[in-house]
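Okay, so here's the structure we're looking at.
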Amino acid sequence: MSNIENTPYNNGGKLKLAIQKSGRLHDDSIKLLKECGIDISNGVNKLKADASNYPLEVFFLRDDDIPQYVEDGVADIGFVGENVVFEKNKKVDEAEKLGFGKCRLSIAIGRNDEYTDATYLQGKKIATSYPVILQSFLDKNNIKAEIHEISGSVEIAPGIGLAEAICDLVSSGSTLFMNGLKEVEVILKSEAILIKNKNLDAIQQQLLDKLIFRIQSVKKAKNNKYVLLNAPNENLDKIIQLLPGMKSPTVLPLATEGWSSVHSVIKESDFWDIIEQLKTLGAQGILVVPIEKMIL
Ligand code: ATP
Ligand code: ZN
1 MSNIENTPYN NGGKLKLAIQ KSGRLHDDSI KLLKECGIDI SNGVNKLKAD ASNYPLEVFF
61 LRDDDIPQYV EDGVADIGFV GENVVFEKNK KVDEAEKLGF GKCRLSIAIG RNDEYTDATY
121 LQGKKIATSY PVILQSFLDK NNIKAEIHEI SGSVEIAPGI GLAEAICDLV SSGSTLFMNG
181 LKEVEVILKS EAILIKNKNL DAIQQQLLDK LIFRIQSVKK AKNNKYVLLN APNENLDKII
241 QLLPGMKSPT VLPLATEGWS SVHSVIKESD FWDIIEQLKT LGAQGILVVP IEKMIL
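Structural data, given as structure tokens:
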């Protein structure tokens, strides 16, 4: 089936995607869909919205509920943090990491308390919204502690005498700092992932494969940059070695004698390292531009 968008499907022909209604993952979820060429007609205050140019129906839900909806098949797929997926422990499959919503689930204690290792937590009261993940960390370390489950503002628990430690999501650490706490143990690194129902039919799977292909192209593009520069011919070989490109760099002669223009693709993570070396080799007029999509 080559043009699946134009063919009728059994379940109304749409893939049902659950995303967070509002909160930290909402905007990045919509943005990723947009980068995949999928527009959602203003659905923010509704329960669901249709994509105008992909057979996709988007449900807006609390992130905590997304794994259950996907397990039950009310939604076929969902965008949700790995932290929530592990905590809820539902029967769903992970299909793709999404590259946003990065954070860590960490143990924090009072800034002036002295932490040695996990045995510090023995017999302590720990406040968290993640009792399942925390319990498994404690079990792995043979520690018995009292887990105090609270649903929000976990970071104030030590200050009001509710707990001696907390286990909570951290990104910059500024919330901990403001509450007189310090991070002492990372128990999970998390980012948003695409989860899927275990019983997708062939057509739903085909629609999902197509979506995942687009997501991968967007992710690859974000991790790479397009570089253009002018290189003195005497160092051309060395410069080309630094810039492998997708196959090999494009080299064009410049009007100025003894110089060439070199175009290539480099990894974002290698960027500063390579730029320094290129400058040392006499490269000039270096332009680094973002790539929108990348298909290998
Ligand atoms: P909801 O109303 O949907 O239940 P929430 O209050 O549980 O929302 P948010 O604070 O919006 O959730 O966070 C949603 C997800 O964003 C988290 O589960 C986590 O995967 C991710 N995230 C990324 N950085 C952070 C952070 N610094 N603190 C909390 N969550 C973060
Ligand atoms: Zn939530």
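Taking this note's numbering, the leading residue of the sequence shown gets 1, the next gets one more, and so forth. Beta carbons are placed, not taken as given, at the ideal position from N, Cα and C, and that holds for glycine.
Following the continuous alpha helix (DSSP H) through Gln-205, name the residue where it begins and the one where it ends. Counted from its first residue, the sequence shown places residue 205 at position 205. Run containing Gln-205: 202-222, per the alpha helix (DSSP H) assignment.
Less than 6 angstroms between the CB of Cys-313 and some heavy atom of ligand 1, yes or no? No statement about residue 313 is possible, as the shown extent of the chain runs from 1 to 296 and does not include it.
Along the chain, where does the alpha helix (DSSP H) containing Gln-241 start, and where does it finish? Against the sequence shown, residue 241 aligns to sequence position 241. That run of the alpha helix (DSSP H) goes 236-242.
When the Cα of Pro-253 is compared with those of Ala-231, Val-265 and Asp-273, which residue comes out closest? Counting from one through the sequence shown, the residue named residue 253 turns up at place 253. Cα-wise, what sits closest to Pro-253 is Ala-231.
Cβ of Asp-63 versus every heavy atom of ligand 2: is any distance shorter than 6 angstroms? Taking the first residue of the sequence shown as position 1, residue 63 is located at position 63. Yes.
For Pro-232: DSSP bridge partner residues: For the purposes of this step, residue 232 is taken as the residue at position 232 of the sequence shown. According to DSSP, which records beta bridges pairwise, Pro-232 is partnered with Trp-259.
Is Gly-99 close to ligand 1? I mean its beta-carbon at under 6 angstroms from any heavy atom of the ligand. Residue 99 sits at position 99 when you count from the first residue of the sequence shown. Because no heavy atom of ligand 1 lies under 6 angstroms away, the Cβ of Gly-99 does not count as near it: no.
So, at 8 angstroms on beta carbons, what are the nonlocal neighbours of Leu-25 in its own chain, with the 5 sequence-adjacent residues on each side left out? Here the question's residue 25 lines up with position 25 in the sequence shown. These residues qualify, in order along the chain: Ile-19, Asp-63, Phe-79, Val-80, Gly-81, Phe-100, Gly-101 and Ala-192.
Do the region 271-291 and the region 204-213 make contact, defined as three or more Cβ pairs closer than 8 angstroms? no
Buried versus exposed, by CB contacts within 10 Å (16 or more), Glu-146: As a working mapping, residue 146 is identified with position 146 in the sequence shown. Answer is exposed; the Cβ neighbour count stays below 16.
In this structure, does DSSP put Glu-155 in helix, strand or coil? Here residue 155 corresponds to residue number 155 of the sequence shown, with the count starting at 1. Here Glu-155 sits in helix by DSSP.
Any heavy atom of ligand 1 closer than 6 angstroms to the beta-carbon of Asn-83? Position 83 of the sequence shown, counted from the start, is the residue given in the question as residue 83. Result yes, Cβ under 6 angstroms from ligand 1.
What is the DSSP secondary structure of Gln-122, counted as helix, strand or coil? As a position in the sequence shown, residue 122 is number 122, starting the count at 1. Coil at Gln-122, not helix or strand.
Nearest residue (CA-CA) to Glu-183, options Thr-116, Ala-108, Trp-259 and Pro-55: For the purposes of this step, residue 183 is taken as the residue at position 183 of the sequence shown. It is Ala-108 whose Cα lies nearest to the Cα of Glu-183.
What do you reckon, are the CB atoms on Lys-196 and Ile-66 nearer than 7 angstroms? As a first step, residue 196 must be located in the sequence shown, where it is residue number 196. As a first step, residue 66 must be located in the sequence shown, where it is residue number 66. Not a contact, by the Cβ cut-off of 7 angstroms.
Give every residue of the same chain whose Cβ lies closer than 6 angstroms to the Cβ of Thr-175, excluding the five residues on either side of it in the sequence, and list them in chain order. Within the sequence shown, the letter at position 175 stands for residue 175. Once the five neighbours on either side are set aside, the close Cβ partners of Thr-175 are Glu-155.
Taking only heavy atoms of ligand 1 into account, decide whether any of them is closer than 6 angstroms to the Cβ of Arg-24. By one-based count along the sequence shown, residue 24 stands at place 24. Yes, ligand 1 has a heavy atom inside 6 angstroms of this Cβ.
Roughly how many angstroms lie between the CA atoms of Pro-244 and Leu-236, to the nearest whole one? Here residue 244 refers to the residue found at position 244 of the sequence shown. Here residue 236 refers to the residue found at position 236 of the sequence shown. Rounded to the nearest angstrom, the two C-alpha atoms are 13 angstroms apart.
Mind checking whether the beta-carbon of Gln-20 lies closer than 6 angstroms to any heavy atom of ligand 1? Looking up residue 20 in the sequence shown gives position 20. At least one heavy atom of ligand 1 is nearer than 6 angstroms to the Cβ of Gln-20, so yes.
CA-CA distance, Lys-48 and Gln-205? Numbered from its first residue, the sequence shown carries residue 48 at position 48. Numbered from its first residue, the sequence shown carries residue 205 at position 205. Roughly 21 angstroms between the two C-alpha positions.
Would you say Thr-128 and Cys-167 are within 7 angstroms of each other, going by their C-beta atoms? Taking the sequence shown and counting its residues from 1, one reaches residue 128 at position 128. Taking the sequence shown and counting its residues from 1, one reaches residue 167 at position 167. Cβ atoms of Thr-128 and Cys-167: closer than 7 angstroms.
Under the three-state DSSP convention, the category Thr-7 falls into: Counting from one through the sequence shown, the residue named residue 7 turns up at place 7. Reliability fails at Thr-7, whose pLDDT of 43 lies under 50, so the model's placement of it is uncertain and no value is given.
Please report the straight-line C-alpha distance between Ile-32 and Ala-51, rounded to a whole angstrom. Residue numbering aside, residue 32 sits at position 32 when the sequence shown is read from its first letter. Residue numbering aside, residue 51 sits at position 51 when the sequence shown is read from its first letter. The question names Ile, yet the displayed sequence has Leu at residue 32. Spanning the two alpha carbons is a distance of roughly 13 angstroms.
Tell me the residue span of the alpha helix (DSSP H) that contains Phe-86. The sequence position of residue 86 within the sequence shown is 86, counting from 1. Its alpha helix (DSSP H) spans residues 82-88.
With which residues is Arg-104 paired in a DSSP beta bridge? Your numbering for residue 104 matches position 104 in the sequence shown. Beta-bridge pairing links Arg-104 to Val-170 and Lys-189.
For the region 220-231 against the region 108-121, do three or more pairs of beta-carbon atoms, one drawn from each stretch, fall closer than 8 angstroms, so that the two count as touching? no
Proximity winner among Ser-264, Met-178, Glu-268 and Glu-185, relative to Val-227 (alpha-carbon distances): For the purposes of this step, residue 227 is identified with residue 227 of the sequence shown, where counting begins at 1. The candidate whose alpha carbon is nearest that of Val-227 is Ser-264.
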